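Trainee:
2 protein chains.
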Amino acid sequence: MKKIKRALISVSNKDNLKKILSVLSQYKIQLISSGGTYKKIRKLKFNCTEISQYTGSAEILEGRVKTLHPKIYGGILSKRNNKLHKKDLLKYNFPEIDLIIVNFYPFEEILNQKNIHSKIIENIDIGGPTLVRAAAKNYNDVTVITNTNQYQNLINELKKNKGTTSLNFRQKMSEEAFSETAYYDSIISNYFNNFNNNQFPKKKIICGNLVEELRYGENPHQKSAIYSSQEKLNIKQIHGKKLSYNNYNDIFSALSISKSLPKNNGTVIIKHTNPSGVSIDSNKINSFKSALACDPISAYGGIVSCNYKINKQLALHLNKIFLEVIIANGYEKNALKILKKKKNVRLIDASNLISSKKNNYISNFNSILVQSPDNIKFDKNNFKIVSKRKPTSKQFDDLIFAFNICRSVKSNAIVIANNKSTLGIGSGQPSRLDSCNIAINKMNKFNPNKFENAVAASDAFFPFLDGVEKLVQSGISAIIQPSGSIRDKEIIKFANQTNTILVFSKTRHFKH
Amino acid sequence: MKKIKRALISVSNKDNLKKILSVLSQYKIQLISSGGTYKKIRKLKFNCTEISQYTGSAEILEGRVKTLHPKIYGGILSKRNNKLHKKDLLKYNFPEIDLIIVNFYPFEEILNQKNIHSKIIENIDIGGPTLVRAAAKNYNDVTVITNTNQYQNLINELKKNKGTTSLNFRQKMSEEAFSETAYYDSIISNYFNNFNNNQFPKKKIICGNLVEELRYGENPHQKSAIYSSQEKLNIKQIHGKKLSYNNYNDIFSALSISKSLPKNNGTVIIKHTNPSGVSIDSNKINSFKSALACDPISAYGGIVSCNYKINKQLALHLNKIFLEVIIANGYEKNALKILKKKKNVRLIDASNLISSKKNNYISNFNSILVQSPDNIKFDKNNFKIVSKRKPTSKQFDDLIFAFNICRSVKSNAIVIANNKSTLGIGSGQPSRLDSCNIAINKMNKFNPNKFENAVAASDAFFPFLDGVEKLVQSGISAIIQPSGSIRDKEIIKFANQTNTILVFSKTRHFKH
């Protein structure tokens, strides 16, 4: 246990300062401070020594250099049980400093508010992180507080131990202190990387704020948590059971499609991260019904994502099936009343979430694979009609729709669509032919009468003719695929022989 | 352009010091240093002022406080074009310091070598990061060098500009400096998190070293790079074309299965991150042939991963099919000679890679989902036989094998196996029944005569009887599944009626 005799306080965020000062004064802890914090402490009528007076060295460069002085760092860094250290402190009259309360210049907040580079740079704190790092290193003897939300813990600790802190407490605070300094410099480092347009720096630092620990991961024997790379996740749960890892994973899969569809027009149903149905229709009920019709069995226990506001009528339809999660860009009041009748269903408002341009990453063993998102929307201008028969405007729209959905279906992906609604989705197969068969079987099972004018999209080229043959034989009139196979010519020939429309997208949409 | 008059040097890694000192002396740059660096500079016969002499303040606490002095930080942090700053420096006789060459105490190396907590803590550098952060903040006027591999760049810059540096250069060095400090504190922060067994701290920092930029991501319109959370990736490419994003992704999928199989016994074939065949056999040729037989068509253009050393005979077999990547725990010399005949095939040695206990993470929008790996191997003791008919030892081994493979197949996953070889794998379907059909169809297509005594595993429970019915009708004699459905009783009843072996694993293996 370490009795605290002297504390250095330098805080940018001055919330709850009075509360902590009252307790420190109760234990007769001498205070050292400077600048705005010093003024605030004096205003609150507590005794305090100004740092320049304490060190005998003036504050210079408009406050850029205040605390960087051997008297301060001798006082923080000395090992209390080391005779040499003790001797040094005595010799130079450097008293021990036992408690550091510091929070940093608000670099991240400034970054979110301003875009003037010089203002942002001015908010890089130099003195603060140094005080914190020194105290955190010497946690064996020194207590470090880096966040206003730790004040109550410190107060409890001091009260429990009559003005002292335990090693356990100091170590915990040290751990959190290094989290703060690492996080702070990560934000700065990422700012510089962005500023210099350096997507892949030699050292990449990714940081996140804990949103919540989850009950478990994909499976009950895995531990899990979700973090946000910003302050918040920008999706809001407004009803229902706690979200699980798999819920979150499905929600993001759903939203990556929803956010790519025309505004206020699209419904997506997700199961196991793959869409089981997608539909665009300005009539909300029709949009939902068409998405559901693509595979009404898989939709059971799935996630429905609407990129529009849910109204009462739709809520009544949604309540007819068992859903784990409903996502929408807001809910009308009477819709919410209906949906909330089901206790467990998780209702999410995603209206604040915007499509992300950030790089995505996944980790495996000790690797991190980083890539920019697949969020470019390709259209007619990117595509080339290679068959003799040309698509009608309606067919071309459907081809673009189907190809756009492909990028959110696990590869190999085949999407059959008509009237901007999916009729069959084949996902996650090592063989493209198998994905074709799955998509065709879905269509034949649930929508056997809708194949007239139906189109198909393939996320990558057909290595053989077989998949194309199957699709055409099942009634598909138009196919879009990237091209690039040595059998492209054979496929074009077959398309012309069967009067099938064939479009080459040139781009592909693998997703794994 | 900034003429450099004065440099402060404090380096833990003293490589190539002479080289840089020669150039600095050429431009008559005054040197300040301390401790080991000072001694080394003097030994190399260059002029240098010791910091304690420069500041007039003694080095104290066995070197814990050396550079933390206003004369140093005034000299670094002053804005050269600010009159107030200039006045301060003149008043206190603090000369400008224009160049900082610092690298840190080798915290990460010490961490990898030692596990004595106090030794590790002692290697947290306080002075170094402060010098670097101050100089990096003031890059408008100051040049900061943080790594020995930047020396040549500095030399080129000084030579090009006759002893000065450009703003562009200083800004680039500043960016790299904040990368270094962020990385350094990330390693410290993660060390403390691990030390305190804190899996999910409030602020999580993930850091990586760039291994290489990749030609593109999953698709040509996506940019990509691969990072390592350690110094190296621990997999070694020894032949063939450059690895792509999709190669890496498939390699890690392959290795997560390979590393879970009995040592020196297993072959895995991967296509689009899903296994198309897996087999355990002490005979390498048989092991490969059985893995291939599960789906010889999908194996085309796939990845083969052998958790043993590849010999000549196997190399001859491997060369018969088109493979993108071959992974092995080493290659016999004459095997390598054969495999290298194919110019493009990527040969990977993964013998140094060990199964990871690290948390995995994926990002979506602004979220990071973190979870511990699904690497617990379950066996008989975890499972419960719920049918009247009991599995033979051989059947139980096959059930365990199939269930183990399930955890590496995208959900919903169904794996049919016999003699520790897969016969059919159904992956990535929203409907479990569809996954059953895919697995059965594979078996019937490629291994129509092997269903006797074949078993099936399901990664999660059957919500309906239909999937179980299909499997039994196709000739499957034993099924393992987690249980937990409201139809469990119905399924047990059906198993008993059809004399099928049914085992409840209690655990599940979702993977998305």
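As they're listed, the protein sequences go chains A and B. In this text, residue positions in the first sequence follow the working numbering: the first is 10, and each later residue adds one. In this text, residue positions in the second sequence follow the working numbering: the first is 10, and each later residue adds one. Every residue gets a Cβ at the ideal spot worked out from N, C-alpha and C, and that includes glycine. These numbers come from a predicted model, not from an experiment.
Quick one: grab the DSSP three-state call for B/Leu523.
Mentor: Only positions 10 to 521 of chain B appear in the structure, and residue 523 of chain B is not among them; the question remains open.
Trainee: Along the region 223-250 of chain A, what residues have a CB closer than 9 angstroms to any CB found in chain B?
Mentor: Those residues of the region 223-250 of chain A that come within reach of chain B (Cβ to Cβ, closer than 9 angstroms) are Leu223, Tyr225, Gly226, Glu227, Asn228, Pro229, His230, Gln231, Lys232, Ser233, Ala234, Ile235, Tyr236, Ser237, Ser238, Gln239, Lys241, Leu242, Asn243 and Ile244.
Trainee: Relative to the alpha-carbon of B/Ala466, which residue among B/Val418, B/Asn508 and B/Ile306 has its alpha-carbon at the smallest distance?
Mentor: Looking at the Cα atoms, B/Val418 is the closest of the given residues.
Trainee: Counting only Cβ pairs nearer than 7 angstroms, list the residues of chain A close to B/Asn421.
Mentor: Going along chain A in sequence order, the residues near B/Asn421 (Cβ under 7 angstroms) are His281.
Trainee: Is the beta carbon of A/Gly476 closer than 9 angstroms to that of A/Ser430?
Mentor: In this structure, A/Gly476 does not lie closer than 9 angstroms to A/Ser430 by Cβ.
Trainee: From the DSSP secondary-structure annotation, give me the bridge partner or partners of A/Phe286.
Mentor: The sequence given here places Gly at residue 286 of chain A; Phe does not occur at that position. Bridge partners of A/Gly286: A/Ile278.
Trainee: If the cut is a Cβ gap below 7 angstroms, which residues of chain A does B/Asp443 touch?
Mentor: Result: Ile447.
Trainee: Could you check if A/Arg224 is buried or exposed, using at least 16 other CB atoms within 10 Å of its CB as the buried criterion?
Mentor: The residue in question, A/Arg224, is exposed, as its Cβ has fewer than 16 Cβ neighbours within 10 Å.
Trainee: Only counting runs of 4 or more residues, tell me where the alpha helix (DSSP H) segments fall wholly within the region 100-163 of chain A, in order along the chain.
Mentor: For the region 100-163 of chain A, whole alpha helix (DSSP H) runs of length 4 or above, ordered along the chain, are 116-122, 126-131 and 136-146.
Trainee: Taking the alpha helix (DSSP H) that A/Gln180 belongs to, which residues open and close that run?
Mentor: Unbroken alpha helix (DSSP H) run through A/Gln180: Leu176 to Phe204.
Trainee: Please report the residue range of the beta strand (DSSP E) in which B/Cys216 lies.
Mentor: Lys212 to Leu223 is the span of the beta strand (DSSP E), which, as asked, contains B/Cys216.
Trainee: So A/Leu86 contacts chain B; which residues on that side make the cut at Cβ distance below 8 angstroms?
Mentor: Simply Leu70, Arg73, Val74 and Ile135.
Trainee: Sort B/Gly493, B/Lys351, B/Glu105 and B/Ala487 by Cα distance to B/Asp406 and report the nearest one.
Mentor: Comparing Cα positions, the closest option is B/Ala487.
Trainee: Would you say A/Thr431 reaches chain B, if we count a Cβ-Cβ gap shorter than 9 angstroms as a contact?
Mentor: Not one chain B Cβ lies under 9 angstroms of A/Thr431.
Trainee: Span of the beta strand (DSSP E) holding B/Asp358?
Mentor: Counting along the chain, the beta strand (DSSP E) containing B/Asp358 begins and ends at Arg355 to Asp358.
Trainee: Going by DSSP in three states, B/Asn453 sits in which element: helix, strand or coil?
Mentor: Helix at B/Asn453.
Trainee: For B/Ser87, does the three-state DSSP call read helix, strand or coil?
Mentor: In the structure shown, B/Ser87 sits in coil (DSSP, three-state: anything other than H, G, I, E or B).
Trainee: For B/Ser314 versus B/Asn283, is the C-beta distance shorter than 9 angstroms?
Mentor: Taking 9 angstroms as the Cβ cut-off, B/Ser314 and B/Asn283 do not qualify as a contacting pair.
Trainee: In terms of alpha-carbon separation, which member of B/Lys329, B/Ala324, B/Lys386 and B/Ser364 lies closest to B/Lys346?
Mentor: Nearest C-alpha to B/Lys346: B/Ala324.
Trainee: State the Cα-Cα distance for the pair B/Thr64 and B/Ser43, rounded to the nearest angstrom.
Mentor: Taking the straight line from one Cα to the other gives about 11 angstroms.
Trainee: Chain A beta carbons: is any one of them nearer than 9 angstroms to that of B/Cys216?
Mentor: B/Cys216 counts as touching chain A.
Trainee: Could you check what DSSP says for B/Tyr340 in three-state terms: helix, strand or coil?
Mentor: Looking at B/Tyr340 - three-state DSSP - the assignment turns out to be strand.
Trainee: Does any CB atom of chain B fall closer than 9 angstroms to the CB of A/Asn375?
Mentor: Answer yes: the Cβ-Cβ gap between A/Asn375 and chain B drops below 9 angstroms somewhere.
Trainee: Kindly say whether B/Leu163, judged by its beta-carbon, lies nearer than 9 angstroms to any beta-carbon of chain A.
Mentor: No, its Cβ sits nowhere closer than 9 angstroms to a Cβ of chain A.
Trainee: Between the C-alpha atoms of B/Leu93 and B/Ile85, what's the straight-line distance to the nearest angstrom?
Mentor: One C-alpha to the other measures close to 15 angstroms.
Trainee: Count the other CB atoms within 10 Å of the CB of B/Met452; is the residue buried (16 or more) or exposed (fewer)?
Mentor: The residue in question, B/Met452, is buried, as its Cβ has 16 or more Cβ neighbours within 10 Å.
Trainee: By DSSP's criteria, A/Arg15 is part of a beta bridge. Which residues make up the other side?
Mentor: A/Arg15 is bridged to A/Gln39.
Trainee: Assuming A/Ala426 contacts A/Val464 under a Cβ cut-off of 8 angstroms, what Cβ separation, rounded to an integer in Å, is found between them?
Mentor: Confirmed, Cβ separation roughly 6 angstroms.
Trainee: 9 angstroms is my cut-off, CB to CB: does A/Phe470 come that close to chain B?
Mentor: By this cut-off, A/Phe470 is not an interface position.
Trainee: Buried or exposed for A/Ser296, please, with buried defined as at least 16 other CB atoms from any protein chain shown within 10 angstroms of its CB.
Mentor: With 16 or more Cβ atoms within 10 Å of its Cβ, A/Ser296 is classed as buried.
Trainee: Is the number of C-beta pairs between the region 342-358 of chain A and the region 350-365 of chain B that are closer than 8 angstroms three or more?
Mentor: Taking 8 angstroms as the limit for Cβ pairs, the verdict is that the region 350-365 of chain B does not touch the region 342-358 of chain A.
Trainee: I need the DSSP call for B/Asn258, collapsed to helix, strand or coil.
Mentor: Helix.
Trainee: With DSSP as the reference, label B/Gln522 as helix, strand or coil.
Mentor: What the structure shows of chain B is the stretch from 10 to 521, and residue 522 of chain B is not part of that stretch, so it cannot be assessed.
Trainee: Going by alpha carbons, who is nearest to B/Ile495 out of B/Phe473, B/Ile489 and B/Leu511?
Mentor: Out of B/Phe473, B/Ile489 and B/Leu511, B/Phe473 has the C-alpha closest to the C-alpha of B/Ile495.
Trainee: What is the DSSP secondary structure of B/Phe513, counted as helix, strand or coil?
Mentor: If DSSP states are grouped into helix, strand and coil, B/Phe513 belongs with the strands.
Trainee: Exposed or buried, B/Ile176, counting other C-beta atoms within 10 Å across all chains shown (16 or more means buried)?
Mentor: What sits at residue 176 of chain B in the sequence shown is Leu, not Ile. Exposed, by the Cβ-count rule.
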